[in-house]
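Q:
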Amino acid sequence: LGAVNFNTTIAGVEQADAILLVGTNLRWEAPLVNTRIRKAIKKGAKVYAIGPETDLTYKVEWLGSELSLLGNLPEAAA
1 LGAVNFNTTI AGVEQADAIL LVGTNLRWEA PLVNTRIRKA IKKGAKVYAI GPETDLTYKV
61 EWLGSELSLL GNLPEAAA
């Protein structure tokens with residue numbers, strides 16, 4: 001497993017190989033970030049989401065809607 005960065009700049013989103021969305025609909029809440037995610041996907045990034053399913057217009061692997069899933073992240077990133 002490579003380096004994990006849970007805090008990046010908006011421009012840095014385009015360089016991500018995996019993106020985790022938590023409880024958001026970026027199409028409406030942050031269209032600029034959503035555009036950067038679409039660029040990252042074109043470069044091969046995978047997008048995962050926790051929260052209610054919404055139509056983001058790109059492929060997302062929905063992990064569930066329970067925020068308790070966030071408790072597993074430190075173990076998964078180690």
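For the sequence shown, the UniProt record's numbering begins at 1 and goes up steadily by one.
By construction, the Cβ of each residue, glycine as well, lies at the ideal position given by its N, Cα and C atoms.
Using DSSP bridges, identify the partner residues of residue 18.
A: 46
Q: Got a sec, what are the start and stop residues for the beta strand (DSSP E) residue 61 sits in?
A: DSSP places residue 61 inside the beta strand (DSSP E), whose first and last residues are 61-64.
Q: Take residue 21 and list the residues in its own chain whose beta-carbon comes closer than 6 angstroms to its own, dropping the five residues that flank it on each side.
A: 49
Q: For residue 64, I'd like the list of residues in its chain whose CB is within less than 7 angstroms of its CB, leaving aside the five on either flank, ordered along the chain.
A: 50
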